[in-house]
Each structure stands twice: as structure tokens, then as C-alpha cells.
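Here our numbering = 1-based position in the sequence shown + 2.
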Amino acid sequence: RLQIHMSLYNDHLPALRAVDLVEYHQVDDLVEAGPALARIESQIQFRLADELPALLQAEETYIDHEDA
């Protein structure tokens, strides 16, 4: 989990901030939607709806392997 946190914090967050998709308030360690998010929100929803079944199946498979 630490590796995921570090990757999000050091790689993805700066990239998302650079294109105004998120705003980051370091003092509060808070991430909020940025002004550019509204422009791509419908595309994100479409892609998520398209990919959600496969993502849920992968998660279910992962959980089943952890329980075994």
C-alpha cells in the first residue's frame, strides 16, 4: 500500500495537477476536483461504465485468491 501511495503522490498527483484535473491542498492533505475535470467527466463515466464489469471480475478473482 505504501508503494501505491507513493506512486499516486509522486507521479500521478503532479500530472493531474499540471492539467488542472485536481487541486491538492498539501496542508490538509486533501485532493479535490479541479476546473478541467468537468470537460472530461462524461468521457470518464463512459469508459468506467464500459470497463466496470472486467474491473469487478478482476477484483473478485483477486479476493478469492487471497481467501484461499
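The beta-carbon is built from N, C-alpha and C at its ideal position, and this holds for glycine as well. These figures come from a predicted structure and were not determined experimentally.
- V33 is bridged by DSSP to Y26.
- In this structure, L15 sits near Y26, with a CB-CB distance shorter than 8 Å.
- Between L23 and G36, the C-beta gap is smaller than 8 Å, which places the two residues in contact.
- Setting aside the 5 residues that flank it on each side, A38 is surrounded in the same chain by V21, D22 and L23, each with a C-beta closer than 8 Å to its C-beta; the list follows chain order.
- For A20, the uninterrupted alpha helix (DSSP H) run begins and ends at L15 to A20, by DSSP.
- Per DSSP, the continuous alpha helix (DSSP H) segment holding L4 begins and ends at L4 to S9.
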